[in-house]
Amino acid sequence: MAEEQMNFQAEVSRLLDIVAHSLYSEKEIFLRELISNAADACDRLRHAALTQSDLLGDDSAFRIRLKTDPAAKTLTIVDNGIGMNRQELIDNLGTIARSGTAAFVQQLENKQEGANLIGQFGVGFYSAFMVAARVEVATRRAGEAEGWLWSSDGRGAFTIAEDAEAPVRGTRIVLHLRDGEEEYLDPLRLRRIVATYSDHIAVPVVLESRKEDEPDETLNAASALWTRPKSEITEEQYKEFYHHVGHAFDDPWLRLHFKAEGVMEYTCLLFVPSQKPFDLFHPDRKPGVRLYVKRVFITEDCAELLPPYLRFLRGIVDTEDLPLNVSRELLQNNPRLAKIRSALCKKVLGELKQKAADAPEEYARFWETFGPVLKEGLYEDGRQRETLLELARFRSTTREGLVSLADYRAAMQPGQQAIYTISGDDPRTLARSPQIEGFAAKGVEVLLLSDPVDDFWLSAVPDYQGTPFRSVTRGGVDLDEIGDKDTKSEDGAENKADETPGLDSLIAFVKLTLKDQVKDVRVSARLTSSPVCLVADEGDLDMHLERLLKQQRQLDHTSQRILEVNPDHALVKALAAQVGKDGAGAVVEDAAWLLLDQARIIEGEPLPDPTAFSRRLSGLVERGLLAGS
Ligand code: ADP
Ligand code: MG
6 MAEEQMNFQA EVSRLLDIVA HSLYSEKEIF LRELISNAAD ACDRLRHAAL
56 TQSDLLGDDS AFRIRLKTDP AAKTLTIVDN GIGMNRQELI DNLGTIARSG
106 TAAFVQQLEN KQEGANLIGQ FGVGFYSAFM VAARVEVATR RAGEAEGWLW
156 SSDGRGAFTI AEDAEAPVRG TRIVLHLRDG EEEYLDPLRL RRIVATYSDH
206 IAVPVVLESR KEDEPDETLN AASALWTRPK SEITEEQYKE FYHHVGHAFD
256 DPWLRLHFKA EGVMEYTCLL FVPSQKPFDL FHPDRKPGVR LYVKRVFITE
306 DCAELLPPYL RFLRGIVDTE DLPLNVSREL LQNNPRLAKI RSALCKKVLG
356 ELKQKAADAP EEYARFWETF GPVLKEGLYE DGRQRETLLE LARFRSTTRE
406 GLVSLADYRA AMQPGQQAIY TISGDDPRTL ARSPQIEGFA AKGVEVLLLS
456 DPVDDFWLSA VPDYQGTPFR SVTRGGVDLD EIGDKDTKSE DGAENKADET
506 PGLDSLIAFV KLTLKDQVKD VRVSARLTSS PVCLVADEGD LDMHLERLLK
556 QQRQLDHTSQ RILEVNPDHA LVKALAAQVG KDGAGAVVED AAWLLLDQAR
606 IIEGEPLPDP TAFSRRLSGL VERGLLAGS
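Per the numbering used here, the very first residue in the sequence shown carries number 6; after that it's consecutive.
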């Protein structure tokens, strides 16, 4: 078959452009990436051979070989792993398979930003173009007859042709080094790079000798890292293992390496990243924890191993308790795996709890990064709910930084019966919400919830250790019970009503004016400085949750709200004084509509009739100006 030329997917071209122009200082990581891919290819073939032993032929010793040719200025990496067929070559080395990654690359505004991010999100295979002007990939998929040659200078296009010279099985990558990158031909340099980044790779990485009389040299320890005694593993080795297995590029924040013996026998080596993976909330994100059975890689994509709310974990679980030829079907609803899963959950959450106690500031940073994911467990995993509530941290109206629910309970005011919350899109806006004014005046702390997940767990979790959660934007509030009893009667809403003559008529008038636009109009106990606010009725959905559901098209109507009026506000008093007077009807009517629209705006709800709003507003200003002139 003749050579075919194809263009890279636009996102790949963009990525390659960034790679080629990057001044990224650690170019040497290209070798880590290629060795990591080669090791994965060996793992995948070893797994496939469990059910198809003929795939291995007479070559069952997996290895990765490095060759240098100073005359040709090439560095070659060869593996006898699973290899790729034509379509796999095109898909894997011509496109970005995961739409999450593609979307991320698209977002990179400029090369500078991309270049800075290379170290963080990784460009895998494409990093070869940091040091190579041309890359050739000769490969043959295990069990298939044809071999293929992929070749590219990393500028927009690649070619593919059939290649009889491709390895019998596996992949040979030839890097034609750019001028100035000759250091990667130096055995000393290669030895150091492999020792730094790839020592943990379980497959031998062999540097071929250039001289007849010198033997080849194995550059790594070539045993599965998690099977080695902890005392013999360095921090660097752990970190590089994390980079390999997690396709990650940051430093891990927390590490769990332990062996469980007893009913279930398994080893786990798990990491919590320090940085948020960019695809954490993307449906086709990369899976993070690999399943091994007796040191043999089984799958990278085992949904049964850990619950989704722990999806930020990276690492491996290696168990003795599953059969080697375990199938996908067998993994589903597997009682052994379920046991491992619940033990892992407990262990991980226990470790986080410890960290929260020992290093609260570090823990707070962790929570900022992964708290929104962990909170999913509050409604997904009833068994861990109490622990997750202990682990949760929140912003609040009365304190800087993050507070726990235990902190919150300890600071409750005398008479306070509930944990008060308000949810919305942004904590700073929330902190200015009219609905919390009365709470602030009484020194009652309100938790500011601004993660989309908050409304969902709040509707599933009734209380924390017997103290119920209550939204300050729903239902009535009884602030009278809270705090200083002496001031109680002065603060009572009913008493306030007596002090504002005409208030009852005003409320009746507003109700009549707004009709079915509101469920009710009533005197507020929660306002101190704003004239009005909206709240949801006791049995209705919280307003923010309702907006979220509407955005996600899970709901197509908006419930009627209750408009609460502040009887102490000068504007309300003035309107109350006007109501019923001759000729004041039109003004008070406009004011009623404007107050409702104003409350909607503060709440972040769309105005049903913006034209009417602006007409009334300009009318009001105009009347004010005319009256003043
Ligand atoms: P990642 O390793 O994160 O998937 P890479 O860019 O490093 O991303 O590699 C892209 C894909 O190309 C791999 O997922 C794999 O399917 C394929 N690949 C790369 N190198 C090899 C290799 N040596 N043998 C077989 N497949 C490979
Ligand atoms: Mg890779």
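Where is the CB? At the ideal position from N, CA and C, for every residue including glycine.
Exposed or buried, which one is residue i when buried takes at least 16 other CB atoms within 10 Å?
i	result
Ala169	exposed
Ser494	The pLDDT assigned to Ser494 is 46, lower than 50, so where the model puts this residue is not dependable; a value taken from the coordinates is nonetheless given after this. Label assigned to Ser494: exposed.
Gln559	exposed
Thr492	A caution first: Thr492 carries a pLDDT of 48, below 50, which makes its placement in the model too unreliable to give a value.
Ile606	exposed
Asp602	buried
Thr324	buried
Arg404	exposed
Ala7	exposed
Asn85	buried
Ile23	buried
Pro615	exposed
Asn330	exposed
Val449	buried
Thr239	exposed
Leu318	buried
Could you have a look at residue i and say whether DSSP puts it in helix, strand or coil?
i	result
Cys350	helix
Val626	helix
Gly175	strand
His213	With the sequence shown as reference, residue 213 is identified as Glu, and His is not the correct amino acid for it. In this structure, Glu213 counts as coil in the three-state DSSP scheme.
Phe618	helix
Asn12	strand
Val378	helix
Ser41	helix
Lys281	coil
Ala265	strand
Phe461	helix
Asp255	coil
Thr641	The chain is shown only over 6 to 634; residue 641 falls outside these bounds and no answer can be derived.
Leu55	helix
Leu383	helix
Phe205	In the sequence as displayed, the identity of residue 205 is His instead of Phe. DSSP places His205 in coil when its eight states are reduced to three.
Thr106	helix
Lys360	helix
Leu71	strand
Arg479	strand
Leu87	Leu is not the amino acid found at residue 87; the sequence shown has Ile there. Ile87 falls in the coil class under three-state DSSP.
Val24	helix
Ile165	strand
His574	coil
Quick check: residue i and residue j, are their CB atoms within less than 9 Å of each other?
i	j	result
Asp326	Arg341	yes
Leu383	Val515	no
Leu550	Leu407	no
Val136	Glu186	yes
Val298	Pro328	yes
Leu195	Leu224	yes
Thr176	Thr144	yes
Cys47	Val199	no
Arg527	Ile487	no
Leu426	Val458	Here residue 426 is Thr; the residue named in the question, Leu, does not match the sequence. Contact flag unset, no.
Ile69	Val211	yes
His52	Thr304	yes
Leu80	Leu180	yes
Val537	Ala604	yes
Gln565	Lys524	yes
Ser428	Leu454	yes
Leu21	Arg160	yes
Pro572	Thr505	yes
Indicate, with yes or no, if the ligand HEM has a heavy atom lying under 8 Å from the CB of residue i.
i	result
Glu38	Ligands displayed in this structure: the ligand ADP and the ligand MG; the ligand HEM is not among them.
Every unbroken beta strand (DSSP E) within the region 284-322, with a cutoff of 3 residues, ordered by chain: Counting whole runs of 3 or more residues, the region 284-322 contains the beta strand (DSSP E) stretches 294-298, 301-304.
Contiguous alpha helix (DSSP H) assignments of at least 4 residues, all confined to the region 386-416: Segments of the alpha helix (DSSP H) lying fully in the region 386-416: 390-396, 410-415.
Are three or more beta carbon pairs between the region 151-160 and the region 48-60 nearer than 8 Å? Taking a cut-off of 8 Å on C-beta distances, the region 151-160 does not touch the region 48-60, as fewer than three cross pairs fall below it.
Beta strand (DSSP E) runs wholly inside the region 484-572, at least 3 long, in chain order: If only complete runs of 3 or more residues are kept, the region 484-572 shows the beta strand (DSSP E) at 523-528, 537-540, 566-570, in order along the chain.
Within the chosen definition, does the region 307-321 reach the region 372-391 through at least 3 CB pairs nearer than 8 Å? Touching, yes.
Would you call the region 345-363 and the region 387-399 touching, i.e. three or more CB-CB distances under 8 Å? Of all C-beta pairs linking the region 345-363 to the region 387-399, three or more are shorter than 8 Å, placing the two stretches in contact.
Touch test, the region 246-256 against the region 276-285, Cβ-Cβ under 8 Å, three pairs minimum: As far as the Cβ criterion goes, the region 246-256 touches the region 276-285, which means the pair count is three or higher.
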